[in-house]
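What follows is a set of notes on a single structure, which appears directly below.
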Amino acid sequence: MFFPNFLRSLNHRNDQSQNRGRILESIIPDNVINLKNCCYCFDLKMGCKLIALLEGISGLLEAFLCYKDIRPYLDGSYRPNLSDMRPRDPISTLSLGIISFIGALILFAGVLTKRKACLLFWLYVASISTTVYMLYNISDLWIFDALSAALEFYFIVVVLAYYLQMRRAVDTDDEFEVLFTASDPEIAT
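Residues 814 to 1002 in the numbering used here are what the sequence shown spells out, letter by letter.
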């Protein structure tokens, strides 16, 4: 019978997980692995918090702006705003906004609680939603869409660097400290 690792009494840092970590770090460029700050002025943890805040606000804003267009869209009387650069499907835009907001909440919770799984989940959600957004707008990409995708890619790199930093902190024994020295009389004898 198979039980997951957290139910067995085995150490979670076995050879298989170390090999996966080495494979992951061999794929990722050294610039990402050695990234220490976000925007040259914030550490990675604060950068991830700011990314979660920006993603949450933009997801909510996107969802609220297209929410008013759903009823006319379903009735068939939907007319895109003249101020829009191009007409958009409000249901797809609403769903991408809600997914972005929920992903931002999970990222923020993961940064606060130092859960690597939450950061990894956000990395998956952000990369998939960015790809879907770009494919959704492939026929009429504007410069704003390209800049938005580039900014999202930078956000993914920052969160990935913080994820790798947390992963290295778990793999090293830096959190152990020496509680005695050799000059103590009991130990020296």
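Think of the CB as a built atom: it goes at the ideal place given N, C-alpha and C, for glycine as much as any other residue.
Here the structure is a predicted model, which is why all the values come from computation and not from measurement.
Buried or exposed by the 16-neighbour rule on C-beta atoms within 10 Å, applied to residue i
| i | result |
| --- | --- |
| Asp-856 | exposed |
| Phe-815 | For Phe-815, the predicted model reports a pLDDT of 48, less than 50, meaning its position is unreliable and no value from the coordinates is stated. |
| Trp-955 | exposed |
| Cys-931 | buried |
| Cys-852 | exposed |
| Leu-909 | buried |
| Phe-968 | buried |
| Pro-842 | exposed |
| Ser-942 | buried |
| Val-924 | buried |
| Ala-963 | exposed |
| Ala-959 | exposed |
| Pro-903 | buried |
Simplified DSSP state of residue i, which is helix, strand or coil
| i | result |
| --- | --- |
| Cys-854 | coil |
| Ile-870 | helix |
| Pro-903 | helix |
| Pro-885 | helix |
| Lys-862 | helix |
| Leu-844 | With the sequence shown as reference, residue 844 is identified as Asn, and Leu is not the correct amino acid for it. Looking at Asn-844 - three-state DSSP - the assignment turns out to be helix. |
| Val-983 | helix |
Anticipated Cβ contact below 8 Å, residue i with residue j, distance rounded
| i | j | result |
| --- | --- | --- |
| Leu-920 | Glu-868 | 7 Å |
| Gly-860 | Val-971 | 5 Å |
| Arg-980 | Lys-929 | 6 Å |
| Tyr-880 | Leu-907 | 6 Å |
| Leu-977 | Ile-870 | Not quite, the Cβ-Cβ distance comes to about 26 Å (not below 8 Å), so this is no contact. |
| Ala-982 | Leu-848 | Actually they do not touch by this definition, with Cβ atoms about 15 Å apart. |
| Tyr-937 | Ser-905 | Incorrect: roughly 19 Å between the Cβ atoms, too far for contact. |
| Ala-865 | Ala-917 | 5 Å |
Does the region 904-922 come within contact of the region 866-876, defined as at least 3 CB pairs closer than 8 Å? yes
Which complete alpha helix (DSSP H) runs does the region 905-979 hold, if anything under 4 residues is left out? 929-949
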